[in-house]
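Its first residue numbered 71, the sequence shown is counted upward by one per residue in my numbering.
All C-beta atoms, glycine included, are put in the ideal place defined by N, C-alpha and C.
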Amino acid sequence: MFDVHHHLLFGLDDGSPDLETSLAMAEMAVEDGITHVVCTPHANSEYPYSPDQNAERLAQLRARLQDRLTLGIGCDFHLSYDNIESALDHPTRYSINGGRYLLVEFPDFGIPRNIGSSFHELQVAGLVPIITHPERNLTLMQQIERMSEWVEMGCLVQVTAASVLGRFGKGPQRIARQLLDLQWVHMLATDAHNLTSRPPKLREACEWIAGKYGKDEAERLCVRNPGHIFKNLPLEEQPAPRQLGAEKEPPPKRRWLGLFSRGNSRDQD
Numbered sequence: 071m072f073d074v075h076h077h078l079l080f081g082l083d084d085g086s087p088d089l090e091t092s093l094a095m096a097e098m099a100v101e102d103g104i105t106h107v108v109c110t111p112h113a114n115s116e117y118p119y120s121p122d123q124n125a126e127r128l129a130q131l132r133a134r135l136q137d138r139l140t141l142g143i144g145c146d147f148h149l150s151y152d153n154i155e156s157a158l159d160h161p162t163r164y165s166i167n168g169g170r171y172l173l174v175e176f177p178d179f180g181i182p183r184n185i186g187s188s189f190h191e192l193q194v195a196g197l198v199p200i201i202t203h204p205e206r207n208l209t210l211m212q213q214i215e216r217m218s219e220w221v222e223m224g225c226l227v228q229v230t231a232a233s234v235l236g237r238f239g240k241g242p243q244r245i246a247r248q249l250l251d252l253q254w255v256h257m258l259a260t261d262a263h264n265l266t267s268r269p270p271k272l273r274e275a276c277e278w279i280a281g282k283y284g285k286d287e288a289e290r291l292c293v294r295n296p297g298h299i300f301k302n303l304p305l306e307e308q309p310a311p312r313q314l315g316a317e318k319e320p321p322p323k324r325r326w327l328g329l330f331s332r333g334n335s336r337d338q339d
């Protein structure tokens, strides 16, 4: 499995505080069946984004982990005016592995009405915005219909694995599952910050999706789509997004075993 949103670099933000914690988080991810991680430190007014410092921390982790886990680099990009202007001037500064995909995070309170124009500008600059954890945004929890425009214009959507399982509360769980029913979700990620309250675990949520929507959907959200993003490849053709109020009944549950075992995940990289 591929985890494209993970605060693994230590001492940079509210994620891992030190090298030892980062190594323990990496081992937990490996045990869960994750084979690739994009390290995504915040880029906002509280946590400035430093490519040189990020590269130095990334090199330390790679040296210690060797081939236990494949690491990439990106960021948790806050949609502020200054950040957007910087990304337009330097499109690959913040993107995942210097490619086309950019994780974008909304403010906690209030989303500008013209944010679609900002997404369009980023797309013109060659970037594909990935909207991170919309199910946990207080504004979108009340106005989920606003996402329809952004999905239709080509933005991707990342939902947090723990939200699907209810570990951020019933509200985020309800929205996460509604987004899955609407086929507005393109990938799951851990958004891991630590070993306890925000751990690097994908397997359980992916297995839940496989049980409800089928094995192929779980592979699309946990292996194929995030794998293409990690490697800066175009996504395969995606299911057509549904309209609000037109959700269909999901297919019958399928029984299956071992989809996300560590060896099987590596075979599908």
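{"Check": "Might you give, ordered along the chain, the residues of its own chain that have their beta carbon closer than 6 Å to the beta carbon of T230, omitting 5 neighbours on each side?", "Outcome": "H203, D261"}
{"Check": "In chain order, what residues of the same chain have a beta carbon less than 8 Å from the beta carbon of I154, not counting five sequence neighbours either side?", "Outcome": "S188, E191, L192"}
{"Check": "Specify the secondary structure class of L249 as computed by DSSP and reduced to three states.", "Outcome": "helix"}
{"Check": "Mind reading off the beta-carbon distance from G236 to Q243? Whole number of angstroms is fine, and I expect it under 8 Å.", "Outcome": "4 Å"}
{"Check": "Name, in chain order, the residues that DSSP records as bridge partners for E175.", "Outcome": "H148"}
{"Check": "Starting from the N-terminal side, write out each stretch of the beta strand (DSSP E) that is 3 residues or longer and does not extend beyond the segment 225 to 285.", "Outcome": "226 to 230, 257 to 259"}
{"Check": "Would the segment 277 to 290 and the segment 93 to 109 be scored as touching if the rule is three or more Cβ pairs under 8 Å?", "Outcome": "no"}
{"Check": "Please identify the residue among P118, E116, P111 whose C-alpha is closest to the C-alpha of L128.", "Outcome": "P111"}
{"Check": "Distance check for R134 and I201, CA to CA, integer angstroms please.", "Outcome": "31 Å"}
{"Check": "Is DSSP giving P296 helix, strand or coil here?", "Outcome": "helix"}
{"Check": "If you follow the beta strand (DSSP E) that T202 is part of, which residue opens it and which one closes it?", "Outcome": "198 to 202"}
{"Check": "Quick one: what's L141 bridged to in DSSP?", "Outcome": "V107"}
{"Check": "According to DSSP, simplified to helix, strand and coil, what is D73?", "Outcome": "strand"}
{"Check": "For K318, count neighbouring Cβ atoms within 10 angstroms of its own Cβ and tell me buried if that reaches 16, exposed if not.", "Outcome": "Residue placement at K318 is flagged as unreliable, the pLDDT there being 49, under the threshold of 50; a coordinate-derived value is accordingly withheld."}
{"Check": "Between the segment 256 to 271 and the segment 71 to 85, can you find at least three pairs of beta-carbon atoms closer than 8 Å?", "Outcome": "yes"}
{"Check": "Exposed or buried, A96, counting other C-beta atoms within 10 Å across all chains shown (16 or more means buried)?", "Outcome": "buried"}
{"Check": "Out of Y117, V108, H106, V107, state which residue places its alpha-carbon closest to the alpha-carbon of G81.", "Outcome": "Y117"}
{"Check": "Which one of E222, M211, L265 has the shortest CA to CA distance from G239?", "Outcome": "M211"}
{"Check": "In the structure shown, what three-state DSSP assignment does A310 receive?", "Outcome": "coil"}
{"Check": "Among the residues of its own chain, which have a CB less than 8 Å from the CB of Q130, if the five just before and after it don't count?", "Outcome": "L89"}
{"Check": "Can you name the residues that DSSP bridges to A113?", "Outcome": "F147"}
{"Check": "State the CB to CB distance for the pair R163 and P199, rounded to an integer number of angstroms; the pair is presumed to be in contact (CB under 8 Å).", "Outcome": "Contact flag wrong, Cβ pair sits at about 15 Å."}
{"Check": "Quick check: what's the CA-CA separation for G168 versus N114?", "Outcome": "19 Å"}
{"Check": "In chain order, what residues of the same chain have a beta carbon less than 7 Å from the beta carbon of N295, not counting five sequence neighbours either side?", "Outcome": "H256, M257, L305"}
{"Check": "What are the boundary residues of the alpha helix (DSSP H) that R216 is part of?", "Outcome": "Element bounds for R216: n/a, residue is neither H nor E."}
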